[in-house]
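Trainee: I'd like to ask some things about the structure below.
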Amino acid sequence: MEHILKTTSVAACGLVTSLLTALLVTVIERLTGFDVFTFSLWLIIPAGAIGTGIAAASGYYFGSLYFHTRPNLLLLLQMVVVAGLTQLLIYYTQYATLILDNGQRVSDLIPFAQYLDITLTTAHYRVGRAGQVDAGEVGQFGYWLAVIQFIGFLLGGLGAFGILLGHPVCAHCKKYLRVLAKSDKLFGSADDLASYDDTLFQLPVDSPQFAEMARAEHKMKAEKGTWKQNLKLYGCPECKTQTIGSEVSVWNGKDWKSVNELARKFTIPPGIDLAGVFRAKT
Ligand SMILES: [Zn+2]
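No gaps in the numbering here: position 15 of the sequence shown is 14 in numbering that gives the first Met the number 0, and each next residue is one more.
Right, dumping it as structure tokens:
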């Protein structure tokens, strides 16, 4: 029963953010003439649909974290159905609010299905950096563009689904872990990082030596080849068991590139609270 209630609540969160997204798209379109949803890059990359899909799926994401529900097939199905309905709703609100220059409502003149057919097939290809070259009407291909936009919209949701799948969970209670504290340590070389890492995790976690090393600041200006160890202290909201997650990345001159094979997790024995150790500033 409780599980059904939670799943329904998550679905409601996703529905609310999807409705808000649809309304926002229409408001922006009415105010600026710019249709965020159909905005594409290089004709077919549905950048706008992916973006609105992410906004719409944010409700599932935060709802799942809040209610501690794991992403499952049911959530995936809900996402597909709600995405389809949201897309229809975007078309419908645009139809219902479209007023011609002579003051007549389009919805008084033609039925929705006809409006939809006209909008999809008479949309114009805009080519060029600012869309300044008009390559003509899209015709029947407009329906395929709508399908591509639907897939783009879904991709936004699948992104949220994937992040939820990778979110750390308590091994006992299956609850999502909360980040209690985090700390970044920078090193000039992989060797420096490795020796810090090896020493730290060989120490008993409740020893003063461990606390001292975990607190120690390792700061430097990041340049090409600088290594970073990102330590996160997670806590289970149910059983309070803590876990340390360690992720390693290296600065390639532009951004931090994750070294996934060096990512590790350590479960702290029950009853030990390291929040003070990780939060304390020296
Ligand atoms: Zn737990």
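Using N, Cα and C, we set each Cβ at its ideal position, and we do this for glycine too.
Could you spell out the range, first to last residue, of the beta strand (DSSP E) harbouring residue 185?
Mentor: Run containing residue 185: 177-186, per the beta strand (DSSP E) assignment.
Trainee: In or out: residue 109 buried (at least 16 other Cβ within 10 Å) or exposed?
Mentor: Classification of residue 109: exposed, given that the 10 Å Cβ count is below 16.
Trainee: Could you tell me the boundaries of the beta strand (DSSP E) in which residue 250 lies?
Mentor: Looking at the DSSP string, the run of the beta strand (DSSP E) that includes residue 250 is 241-250.
Trainee: Taking 7 Å as the cut-off, is the C-beta of residue 174 nearer than that to any heavy atom in ligand 1?
Mentor: True, at least one ligand heavy atom lies under 7 Å from that Cβ.
Trainee: Mind checking whether residue 251 and residue 223 have CB atoms under 8 Å apart?
Mentor: Contact: yes.
Trainee: With hydrogens ignored, establish whether the beta-carbon of residue 67 is closer than 7 Å to any heavy atom of ligand 1.
Mentor: Outside the cutoff, so no.
Trainee: Have a look at residue 27 and residue 192 and give me their C-alpha separation to the nearest angstrom.
Mentor: So the alpha carbons of these two residues sit roughly 49 Å apart.
Trainee: What is the C-beta distance between residue 59 and residue 156, in whole angstroms, given that I count them as a contact (C-beta under 8 Å)?
Mentor: About 7 Å; that satisfies the 8 Å criterion.
Trainee: Is the CB-CB distance between residue 177 and residue 234 below 8 Å?
Mentor: In this structure, residue 234 lies closer than 8 Å to residue 177 by Cβ.
Trainee: Is residue 49 near residue 151, with beta carbons less than 8 Å apart?
Mentor: For residue 49 and residue 151, yes; Cβs fall inside 8 Å.
Trainee: Just to confirm my understanding: we take residue 5, look at its own chain, exclude 5 residues before and 5 after, and list those with CB closer than 7 Å. What are they?
Mentor: So the qualifying residues of the chain are 66, 68.
Trainee: What did DSSP end up calling residue 38 once you bin it into helix, strand or coil?
Mentor: Residue 38 falls in the coil class under three-state DSSP.
Trainee: Tell me whether residue 99 is buried or exposed, calling it buried when 16 or more other Cβ atoms sit within 10 Å of its Cβ.
Mentor: The residue is exposed, with fewer than 16 neighbouring Cβ atoms inside 10 Å.
Trainee: Can you tell me the Cα-Cα spacing of residue 54 and residue 33, whole angstroms?
Mentor: Going from the Cα of residue 54 to the Cα of residue 33 covers about 17 Å.
Trainee: Quick check on DSSP: helix, strand or coil for residue 101?
Mentor: The answer is coil: DSSP assigns residue 101 none of H, G, I, E or B.
Trainee: Out of 104, 2, 82, 246, state which residue places its alpha-carbon closest to the alpha-carbon of residue 349.
Mentor: This structure does not reach residue 349, given that the chain is present from 0 up to 281, and the question cannot be answered.
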